[in-house]
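*Asks:*
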Amino acid sequence: MLFVTGFRSFLTRPVYSESNLNCDKHKFERFLLSDRFSMASCYGPVLVSNCPLLVYKRTDPHADGSSNGSSNSRGCGEGWTLVATGTLANVEPDRIMLKKIILTGFPIRVRKKFAVVRHLFHDPQDVRWFKPAELVTKWGLRGHITEPVGTHGLLKAMFSGAIKQNDTVMLILYKRVYPKFPSFGLQIQ
Numbered sequence: 001m002l003f004v005t006g007f008r009s010f011l012t013r014p015v016y017s018e019s020n021l022n023c024d025k026h027k028f029e030r031f032l033l034s035d036r037f038s039m040a041s042c043y044g045p046v047l048v049s050n051c052p053l054l055v056y057k058r059t060d061p062h063a064d065g066s067s068n069g070s071s072n073s074r075g076c077g078e079g080w081t082l083v084a085t086g087t088l089a090n091v092e093p094d095r096i097m098l099k100k101i102i103l104t105g106f107p108i109r110v111r112k113k114f115a116v117v118r119h120l121f122h123d124p125q126d127v128r129w130f131k132p133a134e135l136v137t138k139w140g141l142r143g144h145i146t147e148p149v150g151t152h153g154l155l156k157a158m159f160s161g162a163i164k165q166n167d168t169v170m171l172i173l174y175k176r177v178y179p180k181f182p183s184f185g186l187q188i189q
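See the structure below:
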């Protein structure tokens, strides 16, 4: 992506997140959505706040069928397409962006509030590591891991109510995401 602000332009690889003003933790978005506002976090030069920004994406100049490649169908110049406009919100190195990861498993043996769950982990060390974490089911029950069973990642869990055989057990995790360093034009030898 090419970020242009005034007379300064730089190539970077942004990471998108929702612009949440009420919280210091922001939800990671896999791609830029066209129907709502997003924040792009990236590594770049220090700029003054509230600068206007234009964001361009590199396109193949011959992709639209023209042979000369002097301009594409949108008129944005050779090889670049305008994908976003906005302003620089602030220069904040401590912005926290979180990616939501959901691990799912299925109960194989059920007895009232207790169940043996499979396909959530692959070994007992992972079960012991995530023992303090809370489990959630698709039908709204909450639970926790009591102990690992066997050597293939099975676990015993206790829930807040009677669990059914056709329920799905989920472990919701959040991982911090950092912007990627631009590596355009760099060759590793």
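175 is the number that UniProt numbering gives to position 175 of the sequence shown; each next residue is one higher, with no gaps. Just so it is clear, CB atoms sit at the ideal spot from N, CA and C, and this is done for glycine as well. Given the structure is predicted, the values throughout are model-derived calculations rather than measurements.
Figure out for me which residue from 113, 7, 129 has the closest Cα to the Cα of residue 54.
*Replies:* Counted from its first residue, the sequence shown places residue 54 at position 54. Checking every option, the nearest Cα to that of residue 54 belongs to 7.
*Asks:* Please state the DSSP three-state secondary structure of residue 30.
*Replies:* Counting from one through the sequence shown, the residue named residue 30 turns up at place 30. Of the three classes helix, strand and coil, the one that applies to residue 30 here is coil, per DSSP.
*Asks:* Which residue's Cα is closest to the Cα of residue 95: 177, 4, 183, 86?
*Replies:* Translated into the one-based positions of the sequence shown, residue 95 becomes position 95. Checked all of 177, 4, 183, 86; the closest Cα to residue 95 is 177.
*Asks:* Who are the Cβ neighbours of residue 170 in its own chain at under 6 Å, not counting the five residues just before and after it?
*Replies:* By one-based count along the sequence shown, residue 170 stands at place 170. The residues are 102, 104, 136.
*Asks:* Exposed or buried, residue 167, counting other C-beta atoms within 10 Å across all chains shown (16 or more means buried)?
*Replies:* Counted from its first residue, the sequence shown places residue 167 at position 167. Residue 167 is buried by the Cβ-count criterion.
*Asks:* Got a sec, what are the start and stop residues for the beta strand (DSSP E) residue 129 sits in?
*Replies:* Taking the sequence shown and counting its residues from 1, the one referred to as residue 129 is at position 129. No beta strand (DSSP E) holds residue 129; the alpha helix (DSSP H) holding it covers 124-129.
*Asks:* Whose CA, out of 113, 98, 179, lies closest to the CA of residue 142?
*Replies:* Residue mapping note: residue 142 aligns to position 142 of the sequence shown, counting from 1. Minimum Cα distance to residue 142 is reached at 113.
*Asks:* Pick out whichever of 131, 89, 164, 2 has its Cα sitting closest to the Cα of residue 59.
*Replies:* As a first step, residue 59 is located in the sequence shown; it is residue number 59 there, counting from the start. Closest by alpha carbon: 2.
*Asks:* If residue 21 sits next to residue 51, beta carbons under 8 Å apart, how far is it from one beta carbon to the other, in whole angstroms?
*Replies:* Within the sequence shown, numbered from 1, the residue matching residue 21 stands at position 21. Within the sequence shown, numbered from 1, the residue matching residue 51 stands at position 51. Wrong, their Cβ atoms sit about 20 Å apart, outside the cutoff.
*Asks:* Can you tell me which of 24, 26, 23, 31 puts its alpha carbon nearest to the alpha carbon of residue 14?
*Replies:* Counting from one through the sequence shown, the residue named residue 14 turns up at place 14. For residue 14, the nearest C-alpha among the options comes from 31.
*Asks:* Comparing the CB of residue 141 with every heavy atom of the ligand FMN, is any distance shorter than 7 Å?
*Replies:* Summarising the ligand content, the structure contains no ligands, and the ligand FMN is consequently not present.
*Asks:* According to DSSP, which residues form a beta bridge with residue 104?
*Replies:* Here residue 104 refers to the residue found at position 104 when the sequence shown is read from its first residue. DSSP output for residue 104 lists 170 as bridge partner(s).
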